[in-house]
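Visitor: Sharing a structure here in structure tokens format.
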Amino acid sequence: MAVEGGMKCVKFLVFVFNFIFWVCGVALVAIGIYAQVALDKALVVSSASAAGTPVAILVLGIIIFFISFFGCCGAWKESYCMVTTFAVLLSIIFLVEVAAAIAGYVFKDKVRLVLEDGLRNAMNKYGEDKALTEAVDELQRDFSCCGANNYTDWSSIERFRVNNTVPRSCCRVNSTSCNVHPSPATIYENVRPPPSPLCPSRSPHSPPEPLSAPQGCLQSIEAWMKKNILIVAAVALGIAFFEILGIVFACCLMKGIRSGYEVM
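Using the working numbering, the first residue of the sequence shown is number 6, and each one after it goes up by one.
In structure tokens, the structure reads:
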């Protein structure tokens, strides 16, 4: 027996929700792919657990994508079993996302240590492992950085210490000897902070801005993550909100379908 009255409205809302939920799944897939591409070389030199994060986001997006179709079919056919399964799966995903958010907050300090260990391990194997060597070179070029914390990190490696050199991917200038006897003039090391939006112009007689801390790859990657974390958080909150709505609508539709069966 088809649902009637207010349940038709709920059925329509379930359809609307599943479309929005489908869009959220696509958004997660896009974020996962973007993170994998943007941080490709950083993930290569990091641990397996850190490298799996974009993949986990991608898989979650694909799961949400397919569950949204499952919910549409259950609402269209007014199947109590399918709508119930949809509500249960959606509740499980919501709980998993909450647990992941809590774990991310609790272990946020460990991420830096894992990344730094991965970078230093890759530096120690530079020139020995082709994949790691290429990853480190591309990472330093893309993020305009040198070493884990600064270019002097390379002096801890014997092959670079004896010649007082660094990899050529550290060079900020294009010359044949830019990596020999490295200095801030030729190597990515220090950068001046950008002008403040509250005070964009400076007097010609004003003292120059002080140099920032040494610009290592670790700091560059952290800056990139902080810049993009607000986007990820906004998307996550939006998805969580629509998941709660979906669970409520699915439960209402389940009640309406069951009432229809009881009338029959």
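Every residue, glycine too, gets a C-beta built ideally from N, C-alpha and C.
(1) Once the 5 residues before and after T170 are set aside, which same chain residues still bring their CB inside 6 Å of it?
(2) Just checking, does the stretch 230-244 make contact with the stretch 12-23 on the three C-beta pairs under 8 Å criterion?
(3) Can you grab the Cα-Cα spacing for the pair P59 / A40, in whole Å?
(4) Suppose you measure from the CA of M230 to the CA of L33; what does that come to, to the nearest Å?
(5) Measuring alpha carbon to alpha carbon, tell me which residue in A228, T157, L94 and A105 is nearest Y193.
(6) Got a sec? Which residues, its chain only, sit under 7 Å from V178 by beta carbon, not counting five neighbours each side?
(7) Grab the span of the alpha helix (DSSP H) containing Y85 for me, first residue to last.
(8) Say whether the stretch 110-118 touches the stretch 143-158, bearing in mind that this needs 3 or more beta-carbon pairs closer than 8 Å, one atom from each stretch.
(9) Work out the CA separation of F91 and V31 for me, nearest whole Å.
(10) Which value, in whole angstroms, describes the spacing of the CA atoms of Q312 and E133?
(11) Run through DSSP, which three-state label would T170 get?
(12) Given this structure, state the Cα-to-Cα distance separating F148 from R166, to the nearest angstrom.
(13) For F254, which residues in the same chain have their Cβ closer than 8 Å to its Cβ, ignoring the five residues on either side in sequence?
(14) Closest to S1 by C-alpha separation, out of G76, S84 and A80, would be which residue?
(15) Could you say which of N233, I25, A106 and I107 lies nearest to S73 if we only look at CA atoms?
Guide: Walking through what the data contain:
(1) Position 165 of the sequence shown, counted from the start, is the residue given in the question as residue 170. Excluding sequence neighbours, T170 sits near N184 and V185.
(2) no
(3) For the purposes of this step, residue 59 is taken as the residue at position 54 of the sequence shown. For the purposes of this step, residue 40 is taken as the residue at position 35 of the sequence shown. Whole-angstrom Cα-Cα distance: 6 Å.
(4) Within the sequence shown, the letter at position 225 stands for residue 230. Within the sequence shown, the letter at position 28 stands for residue 33. Roughly 17 Å separates the two Cα atoms.
(5) Taking the first residue of the sequence shown as 1, we reach residue 193 at position 188. Comparing Cα-Cα distances from Y193 to each of A228, T157, L94 and A105, the minimum goes to T157.
(6) Within the sequence shown, the letter at position 173 stands for residue 178. Same-chain partners within the cutoff: T191.
(7) As a working mapping, residue 85 is identified with position 80 in the sequence shown. Unbroken alpha helix (DSSP H) run through Y85: Y85 to V111.
(8) no
(9) The residue you call residue 31 lines up with position 26 of the sequence shown. The residue you call residue 91 lines up with position 86 of the sequence shown. Taking the straight line joining both Cα atoms gives about 18 Å.
(10) This structure leaves residue 312 out entirely; the chain is present only between 6 and 269.
(11) Numbered from its first residue, the sequence shown carries residue 170 at position 165. Of the three classes helix, strand and coil, the one that applies to T170 here is strand, per DSSP.
(12) Here residue 148 refers to the residue found at position 143 of the sequence shown. Here residue 166 refers to the residue found at position 161 of the sequence shown. Each residue's alpha carbon lies about 23 Å from the other.
(13) Translated into positions along the sequence shown, residue 254 becomes position 249. So the list reads V15, L18, V19 and F22, once near-sequence residues are dropped.
(14) Given a span of 6 to 269 for the chain in the structure shown, any question on residue 1 remains unanswerable.
(15) Here residue 73 refers to the residue found at position 68 of the sequence shown. It is I25 whose Cα lies nearest to the Cα of S73.
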